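In the numbering used here, the protein residues as written are 92 to 289.
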């Protein structure tokens, strides 16, 4: 059987699949997300639509190179009051994002797609709602010094699985969704297509 492919080099997504004993290989999609985001913002696409479009673009880009494989594309959008947050590029960007989210609710919208021979086979979108606590500047300084550049790969500048959990007051949603890969629906689909044992 051709390999199951994750169209991403995301460390957290790879770690989740590895921990769940999913056989896969990771291949970077090389999709320019900024071009797609700019076009979709002009169209006023919703966060769910944007996450799905990005996940599909990533999966299709890799599927062209591996047409006989099932290819998983995934994307996560952080939305707060209609504004989409990109991954911070610097710790200063992360600080700005965290200050903007402090004391407020936001959503993490995750879309997963599986493509084979460039054709959509399966899709799933999940949403988690999070409320960040009104943390102090002192805590923010301590947090950023402790986590460093590791958070630059995550919109909002946090990893819930680490010290980032201290940023939150409440969370409503699946833990795996917050980490960027709604795992349980994906595992069910992988059993259906016999990548995993039933």
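In this text, a Cβ means the ideal position worked out from N, Cα and C, and glycines have one as well. Model, not experiment: these values are computed from the prediction.
Taking DSSP's pairing of strands, which residues face residue i in a bridge?
i	result
residue 200	168 and 218
residue 161	207
residue 176	169
residue 123	In the DSSP output, where bridge partners are listed per residue, residue 123 has none listed.
residue 192	Per DSSP, none; premise fails for residue 192.
residue 96	116 and 162
So residue i packs on residue j, CB below 8 Å; how close in whole Å?
i	j	result
residue 258	residue 249	6 Å
residue 169	residue 199	6 Å
residue 111	residue 278	6 Å
residue 216	residue 139	6 Å
residue 107	residue 128	Not quite, the Cβ-Cβ distance comes to about 24 Å (not below 8 Å), so this is no contact.
residue 221	residue 262	5 Å
Check this for me: beta carbons of residue i and residue j, under 8 Å apart or not?
i	j	result
residue 203	residue 212	no
residue 298	residue 231	This structure cannot speak to residue 298, because the chain is shown only from 92 to 289.
residue 153	residue 118	yes
residue 63	residue 269	Past the edges of the chain, shown from 92 to 289, lies residue 63, and the structure says nothing about it.
residue 246	residue 178	yes
residue 122	residue 161	no
residue 271	residue 167	yes
residue 98	residue 120	yes
With a threshold of 16 other CB atoms inside 10 Å of the CB of residue i, please say whether the residue is buried or exposed.
i	result
residue 201	buried
residue 173	exposed
residue 164	buried
residue 239	exposed
residue 176	buried
residue 289	exposed
residue 223	buried
residue 283	exposed
residue 158	exposed
residue 96	buried
residue 149	buried
residue 197	buried
residue 192	buried
residue 104	buried
residue 210	exposed
residue 188	buried
residue 146	buried
**OP:** Identify every run of the beta strand (DSSP E) within the region 207–276, keeping only runs that are complete inside it and at least 3 residues long; order them along the chain.
**Re:** Taken in chain order, the complete beta strand (DSSP E) segments of 3 or more residues contained in the region 207–276 are 210–223 and 259–263.
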